[in-house]
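2 protein chains.
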Amino acid sequence: MPAPAEPEPAGRRRQIAEAVWRIAAERGLQMATVREIAAEAGVSPRVVQYHFTDKHHLLLYALQTLQKENERHGRQRIAALGHDPRVLLRATLEELLPLDDQRRMSLRVMTAYYARSLTDPALAAVFLHEGSPLEDLVAALISAAGLRPSIDAGREADLLVGGVSGLGLDLLHRRRTRADVLRTIDYHLNRILSSG
Amino acid sequence: MPAPAEPEPAGRRRQIAEAVWRIAAERGLQMATVREIAAEAGVSPRVVQYHFTDKHHLLLYALQTLQKENERHGRQRIAALGHDPRVLLRATLEELLPLDDQRRMSLRVMTAYYARSLTDPALAAVFLHEGSPLEDLVAALISAAGLRPSIDAGREADLLVGGVSGLGLDLLHRRRTRADVLRTIDYHLNRILSSG
DNA sequence: CCTCTCAAGATACGAACGTATCAATGACAC
DNA sequence: GTGTCATTGATACGTTCGTATCTTGAGAGG
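Just so you know, the protein sequences line up as chains A and B, in that order.
Quick note on numbering that gives the first Met the number 0: the first sequence kicks off at 0 and runs consecutively.
Quick note on numbering that gives the first Met the number 0: the second sequence kicks off at 0 and runs consecutively.
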């Protein structure tokens with residue numbers, strides 16, 4: 000019984016990380032114990048122990064993997080929309096919202112990790128990239144889409160990224176409706192960009 | 000030894016709640032065990048057990064008390080500034096930022112609770128007031144301060160509240176400087192309001 | 001056929017968790 | 001004095017935690 004039916008030791012870590020995501024999203028990060036993770040992944044606790052040196056490395060790996068996954072999915076969705084800067088800008092902002100089950104789960108997990116990152120430097124490092132790539136991207140898209148006079152693309156991007164993230168969290172709590180959030184985003188894009 | 004040296008059973012709950020705040024802010028909510036809370040509060044674990052029916056009620060009480068405390072402090076600070084709507088608006092937004100140790104601790108604690116509220120209805124209820132009082136207040140202040148043509152106070156308030164909160168979280172992570180955040184807020188207030 | 005190595009099962013250990021139990025203390029009414 | 005009641009000390013119970021240990025199975029190389 001204790002032998003590998005599949006010759007793939009590579010997908011095991013991924014499989015376990017996905018179990019962490021589901022538990023963190025549905026029951027919270029504090030419920031992600033080794034035994035619960037193993038049960039959710041459909042493996043024995045020993046398998047979790049074998050593939051990660053300790054729980055801290057496991058949680059870190061799950062966060063890093065989810066972040067890469069999000070970025071990959073986001074780029075795919077956005078790249079399929081062409082090259083119109085205004086369309087890309089809108090899509091980039093909407094990527095921050097929990098508009099489907101995948102992004103809803105991801106945002107819940109990331110929120111749990113973010114809170115823990117305030118007291119865990121290893122997790123904090125994942126959230127602290129060099130510079131502000133997302134804000135820079137949004138600012139560049141604003142400039143490329145053409146902005147109205149006396150608009151500062153950088154300052155607009157700074158508030159937009161934080162603001163849309165906040166609206167996304169409100170969506171998680173059902174404190175706002177999706178339609179209202181999208182209307183707020185449209186208002187501000189119309190306000191910032193020149194051509195209607 | 001096991002007797003009350005002070006005849007004040009009223010402040011005990013408060014004293015214990017403050018211990019929760021310090022632990023949650025400095026080490027995270029998952030470190031707020033009954034024994035740690037008791038040690039931080041300078042009492043025996045039995046005292047914690049006696050004044051709260053269980054840990055869930057304790058954590059809920061600590062959250063509710065901190066929220067009231069924040070609102071009280073915020074109102075005090077803002078009320079001391081007079082009645083100029085523009086000044087009040089700026090102060091209301093800055094109240095969301097971790098500009099001193101008190102607010103820095105509070106924001107860290109609230110962030111930890113917020114994450115947990117995603118999987119805990121009792122905690123979520125604390126964050127879900129009726130309507131959106133903060134957004135409504137900001138919108139009212141924008142209108143009172145006088146807004147430029149074709150500005151929607153409600154939509155501006157929606158993005159401002161979320162955006163400034165996001166900037167505050169960036170401050171916690173030292174991802175932005177305080178001066179940069181304040182400059183971003185100034186930019187948007189100048190953009191929204193009519194008179195320079 | 002043998003052996004070496006990777007992967008996993010089975011189990012256990014010490015620590016820490018939330019909570020329960022029982023006794024003891026001090027303040028106070030009478 | 002002497003009960004009474006609110007509060008606290010001291011201790012223990014059962015559970016769950018992360019992790020360590022030992023063993024077993026499968027496939028590859030010689």
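All residues carry an ideal CB built from backbone N, CA and C; glycine is no exception.
Only a predicted model underlies this, so the values are computations on that prediction, with no experimental measurement involved.
Residue i: contacting residues in chain B (beta-carbon distance under 9 Å)
i, result
"R26 of chain A", "T118"
"A123 of chain A", "H172"
"R71 of chain A", "Under the 9 Å cutoff, chain B gives no residues; its nearest Cβ is about 23 Å from R71 of chain A."
"A111 of chain A", "A114, R115, L117, T118"
Contact list for residue i against chain A, beta-carbon separation under 7 Å
i, result
"H56 of chain B", "None at all; the shortest Cβ gap to chain A is about 17 Å."
"Q29 of chain B", "Q29"
"L127 of chain B", "H172, R174"
"R89 of chain B", "By Cβ distance, chain A contributes nothing, its closest Cβ being about 15 Å from R89 of chain B, past 7 Å."
"R147 of chain B", "Those do not exist, as R147 of chain B stays about 10 Å from chain A at its closest Cβ, beyond 7 Å."
Within chain B, the residues that residue i reaches when beta carbons sit closer than 7 Å
i, result
"L158 of chain A", "L158, G162, T183, H187"
"E107 of chain A", "Position check: residue 107 of chain A holds Arg in this sequence, whereas Glu was assumed. Neighbours of R107 of chain A on chain B, chain order: L117."
Sequence-distant residues of its chain with Cβ nearer than 7 Å to residue i (five each side left out)
i, result
"P3 of chain A", "Because P3 of chain A carries a pLDDT of 40, less than 50, the predicted location of this residue cannot be relied on, and no value is offered for it."
"Q63 of chain A", "V125"
"L146 of chain A", "A152, I191, L192, S193"
"R21 of chain A", "E39"
"G10 of chain B", "none"
"T91 of chain B", "I77, L136, V137, L140"
"R34 of chain A", "P44"
"G162 of chain B", "none"
"R85 of chain A", "A144, L192"
"P1 of chain B", "Caution applies to P1 of chain B, whose pLDDT of 37 falls short of 50 and renders its modelled position unreliable; the model cannot decide the point."
Cutoff 6 Å; reference residue i; Cβ partners in own chain excluding five residues on either side
i, result
"L133 of chain A", "V160"
"A18 of chain B", "I36, E39, A40"
"P6 of chain B", "Low per-residue confidence applies at P6 of chain B: pLDDT is 44, beneath 50, and the placement is therefore not dependable enough to give any value."
"R210 of chain B", "With chain B covering 0 to 195 only, the question about residue 210 of chain B has no answer from this structure."
"N69 of chain B", "S105"
"E94 of chain A", "G73"
"L57 of chain A", "F51"
"A61 of chain A", "A16, V19"
"A31 of chain A", "V19, I22, A23"
"S164 of chain A", "L95"
Closest by C-alpha distance to residue i, when choosing among the options
i, options, result
"R107 of chain A", "A:A24, A:G162, A:L192", "A:A24"
"D119 of chain A", "B:R71, B:R26, B:D135", "B:R26"
"A138 of chain B", "B:D151, B:H72, B:L57", "B:D151"
"H172 of chain A", "B:D135, B:A114, B:R175", "B:A114"
"R89 of chain B", "B:A156, B:G162, B:L188", "B:L188"
"Q66 of chain B", "B:Q101, B:L136, B:D53, B:I184", "B:Q101"
"D135 of chain A", "A:Y60, A:N69, A:E155", "A:E155"
"R13 of chain A", "A:S164, A:M30, A:H50, A:R34", "A:H50"
"A143 of chain B", "B:L87, B:T176, B:S164", "B:L87"
"I77 of chain B", "B:M30, B:L140, B:P148, B:T52", "B:L140"
"D157 of chain B", "A:S149, A:D157, A:I184", "A:I184"
"Q149 of chain A", "B:Y186, B:K54, B:R34", "Contrary to the premise, residue 149 of chain A reads as Ser rather than Gln in this sequence. It is B:Y186 whose Cα lies nearest to the Cα of S149 of chain A."
"H55 of chain B", "B:R71, B:Q29, B:D99", "B:Q29"
"L211 of chain B", "B:D99, B:A121, B:R85, B:S164", "This structure gives no information on residue 211 of chain B, because the portion of chain B shown stretches from 0 to 195."
N- and C-terminal bounds of the alpha helix (DSSP H) containing residue i
i, result
"P44 of chain B", "44-50"
"G165 of chain B", "152-171"
"H55 of chain A", "54-78"
"L188 of chain B", "177-191"
"P120 of chain B", "120-126"
"D100 of chain B", "100-116"
"A138 of chain B", "132-144"
"A34 of chain B", "Looking at the sequence shown, residue 34 of chain B is not Ala but Arg. Per DSSP, R34 of chain B belongs to the alpha helix (DSSP H) from 33-40."
"E93 of chain B", "84-93"
Sequence-distant residues of its chain with Cβ nearer than 8 Å to residue i (five each side left out)
i, result
"L117 of chain A", "A123"
"R175 of chain B", "L166, D169"
"V42 of chain B", "R11, Q14, I15"
Contact set between residue i and chain A, taken where Cβ atoms lie within less than 8 Å
i, result
"D99 of chain B", "Those do not exist, as D99 of chain B stays about 17 Å from chain A at its closest Cβ, beyond 8 Å."
"L96 of chain B", "Here the premise fails: no neighbours, minimum Cβ distance about 12 Å."
"L133 of chain B", "The premise fails here: L133 of chain B is roughly 11 Å from chain A at the closest Cβ pair, so nothing lies under 8 Å."
"L166 of chain B", "D157, L158, G161"
Beta-carbon neighbours of residue i, restricted to chain A and to distances below 9 Å
i, result
"A138 of chain B", "Result: empty, since nearest Cβ-Cβ is about 12 Å, beyond 9 Å."
"R85 of chain B", "Neighbours of R85 of chain B on chain A: none; closest Cβ ~18 Å, over 9 Å."
Under 8 Å from the C-beta of residue i: neighbouring residues of chain B
i, result
"D151 of chain A", "Y186"
"R34 of chain A", "Those do not exist, as R34 of chain A stays about 17 Å from chain B at its closest Cβ, beyond 8 Å."
Any chance the region 81-98 of chain B sits against the region 46-53 of chain B, with 3 or more Cβ pairs inside 8 Å?
-> Between the region 81-98 of chain B and the region 46-53 of chain B, the count of Cβ pairs shorter than 8 Å is below three; the stretches do not touch.
Answer yes if the region 126-145 of chain A comes into contact with the region 167-180 of chain A, meaning at least three C-beta pairs across the two stretches below 8 Å, and no otherwise.
-> Judged by Cβ distances under 8 Å, the region 167-180 of chain A makes no contact with the region 126-145 of chain A, as fewer than three pairs qualify.
Should the region 94-113 of chain B be regarded as contacting the region 150-170 of chain B, the criterion being three or more beta carbon pairs within less than 8 Å?
-> A contact exists between the region 94-113 of chain B and the region 150-170 of chain B.
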